[in-house]
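>
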Amino acid sequence: MTFCRMRPIGISERLVMAIAAVFLVVALSVGASARAEETMAVHSIRETPVVLAVRAARDAVVNISTERIVQRSYLFGDDVFDSLFMHAPLSRTEKETSLGSGVVIDNQNHILTNAHVVRKASRISVKASDGNIYEAQLVGWDVKSDIAVLKVQGAKPLPHAAIGTAKDLMIGETVIAIGNPYGYSQTVTTGVVSALHRNIDVGSDATKSESLYDLIQTDAAINPGNSGGPLINLAGQVVGINTAILNAAEGMGFAIPIYRAMRVVEDLLSYGEVHVPWLGISTETMQILKSRSASSGGGTVTAVVVTFVFSKGPASGLMQMGDYIERIGDVSVHSEREFRARLKDYKATDSIPLTINRNDSSIKIVVRARQFPTKLARQLCYEWLGFWVKEVALSNRLLGLPGRSCVLVEKLMHGGPAEKAGLRTGDILIQINDKAITTLADFRAAIKAASGRGGIYIEVRRGALYLRGTIP
14 MTFCRMRPIG ISERLVMAIA AVFLVVALSV GASARAEETM AVHSIRETPV VLAVRAARDA
74 VVNISTERIV QRSYLFGDDV FDSLFMHAPL SRTEKETSLG SGVVIDNQNH ILTNAHVVRK
134 ASRISVKASD GNIYEAQLVG WDVKSDIAVL KVQGAKPLPH AAIGTAKDLM IGETVIAIGN
194 PYGYSQTVTT GVVSALHRNI DVGSDATKSE SLYDLIQTDA AINPGNSGGP LINLAGQVVG
254 INTAILNAAE GMGFAIPIYR AMRVVEDLLS YGEVHVPWLG ISTETMQILK SRSASSGGGT
314 VTAVVVTFVF SKGPASGLMQ MGDYIERIGD VSVHSEREFR ARLKDYKATD SIPLTINRND
374 SSIKIVVRAR QFPTKLARQL CYEWLGFWVK EVALSNRLLG LPGRSCVLVE KLMHGGPAEK
434 AGLRTGDILI QINDKAITTL ADFRAAIKAA SGRGGIYIEV RRGALYLRGT IP
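Going letter by letter, the sequence shown gives residues 14 to 485 in my numbering.
Here's what the structure looks like:
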């Protein structure tokens with residue numbers, strides 16, 4: 014085997030190798046940079062406006078769990094056996110749990126949700142985006158608007174959402190629903206604004222329903238547990254509160270516009286209840302026959318007809334019995350319930366623009382609303398329904414009535430609605446609409462709640478008889 018001595022590398026050769034090494038490093042770095050840019054480009058494509066919007070809003074969405082105490086009837090604890098017996102059932106107390114969603118709306122940990130999510134709850138807990146669970150207190154609710162406000166006590170400020178507007182929503186605009194369907198936290202679904210200004214009837218319990226007006230319709234999937242969660246736009250702003258689905262069809266969900274929800278929130282935070290503007294009128298939904306000279310060309314229309322104007326109310330001198338209300342602001346109204354619902358868009362002391370029709374002529378007026386005058390409740394009742402009441406003390410358990418006092422009919426307006434309905438002096442009021450009456454304060458609260466409607470349901474005690482009816 015022959016070995017040979019290696020020749021030393023010259024300067025020129027070393028230069029060539031150095032240059033080659035530099036080119037290799039540059040080539041490698043360029044390749045890495047290209048791959049990084051490619052990765053960033055792919056990420057940029059994937060990071061859509063929906064992703065950015067969800068990222069901005071999701072941490073403000075909370076999971077709401079409630080408990081409520083219910084009374085259940087049973088004999089043997091089994092429906093099959095119970096159905097075999099005709100005896101009056103026994104009852105037992107049980108805890109019932111439910112799930113819903115909500116959204117934090119400020120740095121004071123106020124949470125906006127649906128009233129039906131927390132209604133009758135004996136305990137409310139909130140699971141925040143960080144996984145912590147907090148006890149929540151009910152600040153207030155408004156069942157007719159299906160809006161409630163909660164507050165988390167003793168926690169650091171939770172992430173809160175940006176509040177947008179629903180007044181400029183566009184049909185076809187992308188919207189995103191975030192909530193906790195079936196308990197799956199922060200579930201995201203997307204869709205579009207399918208329609209605006211939808212009116213629906215929703216069941217509030219087994220015996221009656223409420224009407225919700227001016228809703229946003231969307232095809233973003235809204236499932237049980239989504240109620241109370243936010244509907245957001247591509248800017249990550251809350252534009253609605255998810256509230257209902259149409260069970261008979263897929264892809265039809267509804268949300269309360271955020272401007273309406275926040276209007277209710279404002280009153281709940283200030284007063285614990287909603288202060289509805291009071292105009293001092295009563296209205297009913299009626300079919301009106303318009304003359305041929307009217308702009309509609311005649312025929313019948315469904316209208317909100319003024320049936321009573323209180324002499325000391327804001328509308329006195331501006332409205333008359335028989336007028337009907339065409340618009341509130343720039344929005345047409347066609348039923349008493351819709352008119353009352355749209356009144357809630359205004360504060361209790363706002364000046365409210367109305368368009369009324371009198372003798373087939375449209376008239377624009379502005380009514381300066383105010384809060385219901387509780388002290389005038391008896392006078393209002395007398396002018397409106399035709400009976401005056403007084404509270405009397407019960408020195409004993411007279412007629413087996415509960416409480417220490419009762420409210421009875423002191424006088425009737427001759428030929429008035431109450432007299433025509435069969436009410437008599439001396440009748441003891443038991444109930445007006447859904448409110449039990451034992452004191453004058455109860456009566457005033459019941460008249461306040463009924464004011465503005467066409468009439469009342471009433472239950473009275475006359476001797477040993479209980480009588481029920483409506484006035485007028």
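All C-beta atoms in this analysis are idealised placements derived from N, C-alpha and C, irrespective of residue type, glycine included.
To the nearest angstrom, how far is it from the Cα of GLY439 to the Cα of ARG475?
For the purposes of this step, residue 439 is taken as the residue at position 426 of the sequence shown. For the purposes of this step, residue 475 is taken as the residue at position 462 of the sequence shown. Distance between the alpha carbons of GLY439 and ARG475: 8 Å.
> Please identify the residue among TYR337, VAL289 and ILE294 whose C-alpha is closest to the C-alpha of SER374.
The sequence position of residue 374 within the sequence shown is 361, counting from 1. Minimum Cα distance to SER374 is reached at TYR337.
> What is the rounded straight-line gap between the Cα of ASP155 and the Cα of GLY428?
For the purposes of this step, residue 155 is identified with residue 142 of the sequence shown, where counting begins at 1. For the purposes of this step, residue 428 is identified with residue 415 of the sequence shown, where counting begins at 1. Approximately 37 Å between the Cα atoms of the pair.
> Leaving aside the five residues before and after GLN250 along the sequence, list all residues of the same chain whose C-beta is less than 6 Å from its C-beta, in chain order.
Along the sequence shown, read from residue 1 onward, the residue named residue 250 stands at position 237. Contacts found: ALA175 and GLY177.
> As a quick exercise: from ALA268, ILE258 and VAL322, pick the residue whose alpha carbon is nearest that of TYR395.
In the sequence shown, residue 395 corresponds to position 382, counting from 1. Nearest option by C-alpha distance: VAL322.
> Could you give the distance in angstroms between the alpha-carbon of ILE213 and the alpha-carbon of GLY399?
Within the sequence shown, the letter at position 200 stands for residue 213. Within the sequence shown, the letter at position 386 stands for residue 399. Taking the straight line joining both Cα atoms gives about 35 Å.
> Does the contact criterion of 3 or more C-beta pairs under 8 Å hold for the segment 183 to 193 versus the segment 234 to 251?
The segment 183 to 193 vs the segment 234 to 251: in contact.
> Is the segment 377 to 396 touching the segment 323 to 335 in the sense that three or more CB pairs, one from each, lie closer than 8 Å?
Segments in contact, yes.
> At 4 residues or longer, and completely inside the segment 213 to 259: list those alpha helix (DSSP H) runs for me, N to C.
Within the segment 213 to 259, no complete alpha helix (DSSP H) run reaches 4 residues.
> Alpha helix (DSSP H) containing TYR395: first to last residue?
The residue labelled residue 395 in the question sits at position 382 within the sequence shown. TYR395 -> alpha helix (DSSP H) spans 390 to 398.
> Would you call HIS129 buried or exposed, if buried means 16 or more other Cβ atoms sit within 10 Å of its Cβ?
Looking up residue 129 in the sequence shown gives position 116. HIS129 should be labelled buried.
> Can you say whether ASP143 is buried or exposed, counting buried as having 16 or more other CB atoms within 10 angstroms of its CB?
For this step, residue 143 is matched to residue 130 along the sequence shown. It is exposed - the Cβ of ASP143 has fewer than 16 other Cβ atoms within 10 Å.
> Give me the residue from THR320, GLY435, ILE77 and ILE443 with the minimum Cα distance to GLY465.
In the sequence shown, the residue the question calls residue 465 occupies position 452. With distances taken between Cα atoms, GLY465 lies closest to THR320.
> Going by the DSSP bridge assignment, what does ARG475 pair with across the sheet?
Here residue 475 corresponds to residue number 462 of the sequence shown, with the count starting at 1. According to DSSP, which records beta bridges pairwise, ARG475 is partnered with LEU478.
> Taking only runs that begin and end inside the segment 258 to 339, name each unbroken beta strand (DSSP E) of 3 or more residues, in chain order.
Counting only runs of 3 or more, we get 266 to 270, 294 to 303 and 312 to 322.
> Using the three-state DSSP reduction, which class does HIS100 fall into: helix, strand or coil?
Here residue 100 refers to the residue found at position 87 of the sequence shown. Note that HIS100 scores 47 on pLDDT, short of 50, meaning its location in the model is unreliable and no value can be drawn from it.
> Using DSSP with H/G/I as helix, E/B as strand and the rest coil, what is GLY153?
Here residue 153 is taken as the residue at index 140 of the sequence shown, counted from 1. DSSP places GLY153 in strand when its eight states are reduced to three.
> On the DSSP letters alone, give me the boundaries of the alpha helix (DSSP H) that ILE376 sits inside.
What you label residue 376 is simply residue 363 of the sequence shown in a count that begins at 1. No alpha helix (DSSP H) contains ILE376, which is instead part of the beta strand (DSSP E) from 374 to 381.
> When the Cα atoms are used, what is the spatial distance from ARG273 to SER158?
Numbered from 1 along the sequence shown, position 260 holds the residue referred to as residue 273. Numbered from 1 along the sequence shown, position 145 holds the residue referred to as residue 158. Taking the straight line from one Cα to the other gives about 9 Å.
> So is ASP358 buried or exposed if we call it buried at 16+ other beta carbons inside 10 Å?
For the purposes of this step, residue 358 is taken as the residue at position 345 of the sequence shown. Answer is buried; the Cβ neighbour count reaches 16.
> Going by beta-carbon coordinates alone, are LEU292 and LEU228 separated by less than 9 Å?
In the sequence shown, residue 292 corresponds to position 279, counting from 1. In the sequence shown, residue 228 corresponds to position 215, counting from 1. Not in contact: LEU292 and LEU228 (Cβ atoms no closer than 9 Å).
> Please classify VAL344 as buried or exposed, where buried requires at least 16 neighbouring CB atoms within 10 angstroms.
Working through the sequence shown from its first residue, we reach residue 344 at position 331. With fewer than 16 Cβ atoms within 10 Å of its Cβ, VAL344 is classed as exposed.
> Within the same chain, show all residues whose beta-carbon is closer than 7 Å to that of MET299, passing over the 5 residues directly before and after it, in chain order.
Counted from its first residue, the sequence shown places residue 299 at position 286. Within the same chain, MET299 has close Cβ partners ALA316 and VAL318.
> Could you give the distance in angstroms between the alpha-carbon of GLY196 and the alpha-carbon of ASN120?
Here residue 196 refers to the residue found at position 183 when the sequence shown is read from its first residue. Here residue 120 refers to the residue found at position 107 when the sequence shown is read from its first residue. Their backbone Cα atoms lie some 25 Å apart in a straight line.
> Three-state secondary structure (DSSP) at PRO430?
Taking the first residue of the sequence shown as 1, we reach residue 430 at position 417. PRO430 falls in the helix class under three-state DSSP.
> I need the straight-line Cα distance from ARG481 to ASP447, nearest angstrom please.
As a working mapping, residue 481 is identified with position 468 in the sequence shown. As a working mapping, residue 447 is identified with position 434 in the sequence shown. ARG481 and ASP447: Cα-Cα distance of roughly 12 Å.
> Determine, for PHE267, whether the minimum Cβ-Cβ distance to residues of chain C falls below 9 Å.
Absence of chain C from the displayed structure is noted, only one protein chain being present.
> Is LEU88 helix, strand or coil when you go by DSSP?
Along the sequence shown, read from residue 1 onward, the residue named residue 88 stands at position 75. Unreliable placement is indicated for LEU88, whose pLDDT of 49 sits below 50; no coordinate value is reported for it.
> What are the start and end residues of the beta strand (DSSP E) that includes PRO366?
Counted from its first residue, the sequence shown places residue 366 at position 353. Looking at the DSSP string, the run of the beta strand (DSSP E) that includes PRO366 is 364 to 371.
> Kindly indicate the opening and closing residues of the beta strand (DSSP E) around HIS123.
The residue given as residue 123 occupies position 110 in the sequence shown. That run of the beta strand (DSSP E) goes 123 to 126.
> Please return the same chain residues whose Cβ sits closer than 8 Å to the Cβ of SER306, not counting the five positions on each side in sequence.
Translated into the one-based positions of the sequence shown, residue 306 becomes position 293. Note on SER306: pLDDT 44, under 50, position unreliable in the model; no value is reported.
> Mind checking HIS173: buried by the 16 CB within 10 Å criterion, or exposed?
On the sequence shown, residue 173 is found 160 positions in, with the first residue counted as 1. Buried, by the Cβ-count rule.
> Among the residues of its own chain, which have a CB less than 8 Å from the CB of LYS403, if the five just before and after it don't count?
Reading the sequence shown from its first residue, position 390 is the one you call residue 403. For LYS403, where only same-chain residues beyond five positions count, the Cβ hits under 8 Å are VAL420, LEU421, GLU423 and LEU453.
> Do PRO290 and THR362 come within 9 Å of each other at the CB atom, strictly closer than that value?
One-based indexing of the sequence shown puts residue 362 at position 349. One-based indexing of the sequence shown puts residue 290 at position 277. Going by C-beta atoms, THR362 is nearer than 9 Å to PRO290.
> Give every residue of the same chain whose Cβ lies closer than 7 Å to the Cβ of SER295, excluding the five residues on either side of it in the sequence, and list them in chain order.
Working through the sequence shown from its first residue, we reach residue 295 at position 282. THR320, PHE321, TRP397, GLY465, ARG466 and GLY467.
> Is it buried or exposed, TYR479, if we count other Cβ atoms within 10 angstroms and call 16 or more buried?
Stepping through the sequence shown from its first residue, residue 479 is reached at position 466. So TYR479 ends up on the exposed side.
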